[in-house]
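A.B. asks:
Number of protein chains: 2
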Amino acid sequence: MRQVIRDLPGSKIREVANAALGRSDVLPFWFGESDEATPAHIRDAAVKSLSAGETFYSHNLGLAELREALAHYASGLHRPIDASRIAVTSSGVNALMLAMQALVGAGDEVVAVTPVWPNLTAQPAILGARVVRLALRAERGTWRLDLDELRHTVTAHTRVLLINSPNNPTGWTLTRAEQEILLAHCRSTGTWIVADEVYERVYFAGVPGACAPSFLDIAEPDDRLLVVHSFSKSFLMTGWRLGWIVAPPGLGPELAKLIEFNTSCAPVFVQRAGLAALSQADTSVPELVGRLRACRDTLLPRLTALPGITVAEPAGGLYAFFSVEGESDSLALAKRLVAEAGLGLAPGAAFGPEGEGWLRWCFASRDPARLVVGVERLQRFLGL
Amino acid sequence: MRQVIRDLPGSKIREVANAALGRSDVLPFWFGESDEATPAHIRDAAVKSLSAGETFYSHNLGLAELREALAHYASGLHRPIDASRIAVTSSGVNALMLAMQALVGAGDEVVAVTPVWPNLTAQPAILGARVVRLALRAERGTWRLDLDELRHTVTAHTRVLLINSPNNPTGWTLTRAEQEILLAHCRSTGTWIVADEVYERVYFAGVPGACAPSFLDIAEPDDRLLVVHSFSKSFLMTGWRLGWIVAPPGLGPELAKLIEFNTSCAPVFVQRAGLAALSQADTSVPELVGRLRACRDTLLPRLTALPGITVAEPAGGLYAFFSVEGESDSLALAKRLVAEAGLGLAPGAAFGPEGEGWLRWCFASRDPARLVVGVERLQRFLGL
Chain A
107 MRQVIRDLPG SKIREVANAA LGRSDVLPFW FGESDEATPA HIRDAAVKSL
157 SAGETFYSHN LGLAELREAL AHYASGLHRP IDASRIAVTS SGVNALMLAM
207 QALVGAGDEV VAVTPVWPNL TAQPAILGAR VVRLALRAER GTWRLDLDEL
257 RHTVTAHTRV LLINSPNNPT GWTLTRAEQE ILLAHCRSTG TWIVADEVYE
307 RVYFAGVPGA CAPSFLDIAE PDDRLLVVHS FSKSFLMTGW RLGWIVAPPG
357 LGPELAKLIE FNTSCAPVFV QRAGLAALSQ ADTSVPELVG RLRACRDTLL
407 PRLTALPGIT VAEPAGGLYA FFSVEGESDS LALAKRLVAE AGLGLAPGAA
457 FGPEGEGWLR WCFASRDPAR LVVGVERLQR FLGL
Chain B
107 MRQVIRDLPG SKIREVANAA LGRSDVLPFW FGESDEATPA HIRDAAVKSL
157 SAGETFYSHN LGLAELREAL AHYASGLHRP IDASRIAVTS SGVNALMLAM
207 QALVGAGDEV VAVTPVWPNL TAQPAILGAR VVRLALRAER GTWRLDLDEL
257 RHTVTAHTRV LLINSPNNPT GWTLTRAEQE ILLAHCRSTG TWIVADEVYE
307 RVYFAGVPGA CAPSFLDIAE PDDRLLVVHS FSKSFLMTGW RLGWIVAPPG
357 LGPELAKLIE FNTSCAPVFV QRAGLAALSQ ADTSVPELVG RLRACRDTLL
407 PRLTALPGIT VAEPAGGLYA FFSVEGESDS LALAKRLVAE AGLGLAPGAA
457 FGPEGEGWLR WCFASRDPAR LVVGVERLQR FLGL
């Protein structure tokens with residue numbers, strides 16, 4: 107076993123969840139998913155495909171009709187995107203791993219905007235790359251990017267800039283102006299941008315149904331940009347492991363090779379489910395985001411009202427990221443919350459040293475009342 | 107895009123298949139799968155799981171009950187294996203990629219026994235490793251391993267020995283005596299063996315139902331050995347993307363991290379299908395292998411009877427690997443066979459330079475009569 111693999115941190119979120127094994131009284135908000143199962147019309151499409159015997163190998167890049175549907179979907183949200191630029195992947199995290207394999211090898215420099223979910227920084231490490239962490243700064247619970255620091259950190263030696271916006275765990279979301287500055291800077295340094303935009307639809311600013319600012323709104327097709335997406339968050343499909351990449355024209359054959367050598371293809375019946383999800387995206391996504399907004403608007407005021415809690419309203423994503431006065435060991439705190447309060451949160455340290463002292467609360471819930479009970483448990487735990 | 111990725115050969119099998127696009131009159135035998143859909147009881151288990159709403163994230167290493175069932179299944183075929191040594195993966199090829207990520211980084215030496223399906227040698231190349239090809243030698247169509255050459259090639263500098271037995275494409279299968287020599291040698295050099303044993307049940311020597319010799323029959327649990335498996339071949343589940351790894355004790359947490367960072371987990375409903383497959387393995391696998399044996403025994407004598415064809419009966423696997431006198435460009439020949447004879451075979455060059463001049467014929471067919479028609483087409487093409 108390589109030392110670099112042994113050195114990768116294990117999931118501190120799972121460590122907390124494991125501490126609750128066998129306890130049915132714990133309210134879990136630790137993972138980044140809703141407690142709502144995938145809608146029936148999506149599951150039905152998979153069932154229909156299975157009944158039809160679609161159980162064979164498929165194209166590396168995905169079914170032609172799914173690539174077309176994804177191009178249509180993305181073109182409706184952003185600048186026009188041709189289906190040839192779409193690669194269907196075996197989850198969003200798999201899409202990120204493929205992007206990393208395509209771009210970085212041993213010794214390459216990758217700059218990652220942090221805190222961020224740990225998979226993003228682990229992948230380049232597996233490939234032997236050197237990961238430089240560019241930390242967001244928190245001010246009264248609001249996280250922001252120092253653009254001067256970014257321009258100083260991302261140089262001609264930087265192969266890839268990794269950005270997850272809306273950000274897991276902080277909810278920080280790039281503005282259009284910031285994106286334009288980043289894109290111009292990366293053009294000047296020759297740096298690839300790998301943008302994890304899986305929360306683009308889970309966005310609460312602007313008009314209902316609005317999409318978070320995306321690099322696909324401003325980039326030219328041949329910019330050095332890979333945008334990674336997933337069906338998990340916007341379509342309640344976490345367990346399906348289906349994602350996609352938007353790449354510059356001409357990279358299809360290279361991505362097809364990488365997909366062949368990693369998982370070969372996504373199951374056809376899973377891709378049929380993805381097609382069904384897209385077919386009703388116009389109504390289902392705004393409805394889901396409306397429910398998530400209600401969740402956010404249930405949790406955030408209650409958290410904000412608690413003395414000693416520092417938190418800001420997230421513009422996007424599924425999470426409230428907050429600190430508790432006097433608490434600096436987030437893993438220990440999260441374990442105590444499980445043991446003493448029956449409340450399951452993710453420790454901020456799971457997202458890197460920048461997150462230490464913070465806790466992540468996933469507010470995606472079918473019933474917002476769960477969140478109210480959760481806050482009551484936190485309140486009692488804090489002796490408030 | 108990294109040069110090492112650009113330099114990876116694209117699939118020559120797909121190149122041939124693409125040459126047949128839009129032609130419904132071509133009989134395809136190019137891919138390594140049957141034309142038989144997954145049995146109903148397996149598909150039903152996935153449908154039931156989907157209906158029950160099992161659409162959430164799952165454990166990195168797989169459902170506890172699937173790991174138990176796999177341990178029971180493998181222990182019935184080999185030495186006892188504890189469930190803690192099993193990791194469920196998103197396909198066999200994904201299992202191999204995880205094994206490579208666990209073991210090799212930039213500059214490491216990997217020795218691969220060749221010809222072999224191209225994914226095995228592409229994966230270490232993606233990770234920056236140096237791949238040394240150790241070629242099997244063909245004698246009248248029968249392929250064999252030169253053990254002296256192997257002992258000379260695998261040294262203390264060799265991090266991994268990659269072996270696929272029964273072998274795709276040649277059907278070459280390690281004997282027990284050869285395995286014992288290899289294991290002893292790799293113990294002496296400190297080399298890991300990564301054994302792709304996905305065709306272990308598709309084995310025609312010995313008593314019906316016999317399993318090909320496996321390193322799991324002779325190795326100690328803590329030997330440097332990763333054995334990779336797949337549901338694809340023995341359970342007619344190619345399109346499901348479900349596999350597993352048998353690892354030494356104690357590596358579970360490391361493999362869990364790698365799974366988290368590659369695909370995070372296999373879908374629960376796919377794992378339920380795997381459980382259903384294993385529950386009937388005692389009857390379904392011998393029945394399937396019986397049908398495959400009938401396919402082999404339909405194809406091989408007919409191929410052997412053709413003048414100018416060199417082929418030997420494979421001990422295991424799904425393939426007849428044969429050469430045609432006077433033909434040295436297998437890709438061109440395979441394309442001509444599509445264009446002029448409506449016969450779809452895989453070019454030997456797809457499996458490395460050692461396979462050049464050969465063709466691979468996948469004989470897995472629901473109806474062996476397809477094979478007879480195929481041979482007639484080959485015969486006409488050759489002017490016989």
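Protein chains in written order, with the working numbering: chain A, 107 to 490; chain B, 107 to 490.
Just so it is clear, CB atoms sit at the ideal spot from N, CA and C, and this is done for glycine as well.
Keep in mind that this is a model prediction, so the values were computed, not measured.
Please work out which residues of its chain come closer than 7 angstroms, Cβ to Cβ, to Gln-105 (chain A), disregarding the five sequence neighbours upstream and downstream, and give them in chain order.
C.D. replies: Outside the shown range of chain A, which is 107 to 490, sits residue 105 (chain A), and nothing can be said about it.
A.B. asks: Check the Cβ-Cβ distances between Leu-478 (chain A) and every residue of chain B, and say whether any is below 8 angstroms.
C.D. replies: According to the sequence as given, residue 478 (chain A) is Val; it is not Leu. By this cut-off, Val-478 (chain A) is not an interface position.
A.B. asks: Once you ignore the five residues that flank Trp-467 (chain B) on each side, which residues in its own chain have a CB closer than 6 angstroms to its CB?
C.D. replies: Phe-135, Ala-426, Leu-451
A.B. asks: Distance check for Leu-484 (chain A) and Gly-414 (chain A), CA to CA, integer angstroms please.
C.D. replies: One Cα belongs to Gly-414 (chain A), the other to Leu-484 (chain A), and the distance between them is close to 12 angstroms.
A.B. asks: Give me the DSSP bridge partner(s) of Asp-302 (chain A).
C.D. replies: A:Asn-270, A:Val-334
A.B. asks: Taking C-beta pairs closer than 8 angstroms, name the residues in chain A that Thr-344 (chain B) reaches, listed in chain order.
C.D. replies: Per Cβ cutoff of 8 angstroms: Thr-161, Phe-162, Tyr-163.
A.B. asks: Let's see if you can read the secondary structure: which residues bound the alpha helix (DSSP H) around Thr-410 (chain A)?
C.D. replies: 387 to 410
A.B. asks: Given that Pro-453 (chain B) touches chain A, what residues does it touch there, using C-beta distances under 9 angstroms?
C.D. replies: Near Pro-453 (chain B) there are no residues of chain A at all, since even the closest Cβ is about 16 angstroms away, more than 9 angstroms.
A.B. asks: How many Å lie between Phe-337 (chain A) and Leu-348 (chain A) at the Cα?
C.D. replies: 6 angstroms
A.B. asks: Three-state secondary structure (DSSP) at Cys-317 (chain B)?
C.D. replies: coil
A.B. asks: Spell out whether any CB of chain B is found under 8 angstroms from the CB atom of Lys-339 (chain A).
C.D. replies: no
A.B. asks: Here's a check: name, in chain order, each residue in its chain whose Cβ is nearer than 8 angstroms to the Cβ of Glu-171 (chain B), leaving out the five neighbours to either side.
C.D. replies: If the five residues before and after Glu-171 (chain B) are omitted, its C-beta is found closer than 8 angstroms to the C-beta atoms of Leu-381, all from its own chain and listed in chain order.
A.B. asks: In or out: Ala-421 (chain B) buried (at least 16 other Cβ within 10 Å) or exposed?
C.D. replies: buried
A.B. asks: Buried or exposed: Arg-250 (chain A), going by 16 or more other Cβ atoms within 10 Å of its Cβ?
C.D. replies: exposed
A.B. asks: Mapping the DSSP letters down to three states, classify Tyr-179 (chain A) as helix, strand or coil.
C.D. replies: helix
A.B. asks: Could you name each continuous beta strand (DSSP E) segment of 3 residues or more that falls completely within the stretch 441 to 478 of chain B, going from the start of the chain to the end?
C.D. replies: Listed in chain order, they are 464 to 468.
A.B. asks: Is the stretch 252 to 260 of chain A in contact with the stretch 400 to 417 of chain A, if contact means three or more CB pairs nearer than 8 angstroms?
C.D. replies: no
A.B. asks: Taking C-beta to C-beta, are Arg-185 (chain B) and Glu-215 (chain B) nearer than 8 angstroms?
C.D. replies: no
A.B. asks: CB-CB under 8 angstroms to Phe-445 (chain A), same chain, minus the five flanking residues each way: which ones, in chain order?
C.D. replies: Per the sequence shown, the amino acid found at residue 445 (chain A) is Ala instead of Phe. Correct list, in chain order: Ala-125.
A.B. asks: Could you say if the stretch 261 to 272 of chain B and the stretch 302 to 310 of chain B meet the contact criterion of at least three C-beta pairs nearer than 8 angstroms?
C.D. replies: Contact holds: three or more Cβ-Cβ distances are below 8 angstroms.
A.B. asks: Residues of the stretch 361 to 373 of chain B with a CB closer than 8 angstroms to any CB of chain A: list them in chain order, please.
C.D. replies: Ala-362, Lys-363, Leu-364, Glu-366, Phe-367, Asn-368, Thr-369, Ser-370, Cys-371, Ala-372, Pro-373
A.B. asks: With 16 as the cutoff for other CB atoms within 10 Å, does Val-479 (chain B) come out buried or exposed?
C.D. replies: exposed
A.B. asks: Identify the contact partners of Gln-207 (chain B) in chain A, using a Cβ-Cβ distance below 9 angstroms as the criterion.
C.D. replies: Arg-108, Ile-111, Ile-232, Leu-233
A.B. asks: Spatial neighbours of Gly-448 (chain B) within its chain, please: C-beta separation below 8 angstroms, excluding the five flanking residues on both sides.
C.D. replies: Arg-129, Asp-131, Val-132, Leu-133, Arg-483
A.B. asks: What whole-angstrom Cβ distance do Arg-378 (chain A) and Ala-151 (chain A) have, given they're in contact under 8 angstroms?
C.D. replies: Yes, they are in contact, since the Cβ atoms of Arg-378 (chain A) and Ala-151 (chain A) sit about 5 angstroms apart, within 8 angstroms.
A.B. asks: So Asn-225 (chain A) contacts chain B; which residues on that side make the cut at Cβ distance below 7 angstroms?
C.D. replies: Glu-366, Phe-367
A.B. asks: Could you list which residues in chain A have their beta carbon closer than 9 angstroms to that of Phe-137 (chain B), in chain order?
C.D. replies: Phe-162, Tyr-163
A.B. asks: Bridge partners of Gly-349 (chain B), per DSSP?
C.D. replies: B:Thr-195, B:Ser-336
A.B. asks: Do the stretch 349 to 356 of chain B and the stretch 110 to 122 of chain B make contact, defined as three or more Cβ pairs closer than 8 angstroms?
C.D. replies: no
A.B. asks: Would you say Leu-332 (chain A) and Trp-298 (chain A) are within 8 angstroms of each other, going by their C-beta atoms?
C.D. replies: yes
A.B. asks: Under a CB-based cut-off of 8 angstroms, is Gln-377 (chain B) close to chain A?
C.D. replies: At a cut-off of 8 angstroms, the C-beta of Gln-377 (chain B) has no neighbouring C-beta in chain A.
A.B. asks: In chain B, which residues lie less than 9 angstroms from Ser-434 (chain A) when you measure between Cβ atoms?
C.D. replies: In chain order: nothing, as chain B lies at least about 26 angstroms away.
A.B. asks: What is the DSSP secondary structure of Ile-187 (chain B), counted as helix, strand or coil?
C.D. replies: DSSP, read as helix, strand or coil, puts Ile-187 (chain B) in coil.
A.B. asks: Would you identify the three-state DSSP class for Thr-416 (chain A), choosing helix, strand or coil?
C.D. replies: Looking at Thr-416 (chain A) - three-state DSSP - the assignment turns out to be strand.
A.B. asks: Rank B:Ser-320, B:Gly-458, B:Ala-262 by C-alpha distance to the C-alpha of Thr-279 (chain B) and give the top, closest one.
C.D. replies: B:Ser-320
A.B. asks: Buried or exposed: Pro-224 (chain B), going by 16 or more other Cβ atoms within 10 Å of its Cβ?
C.D. replies: buried
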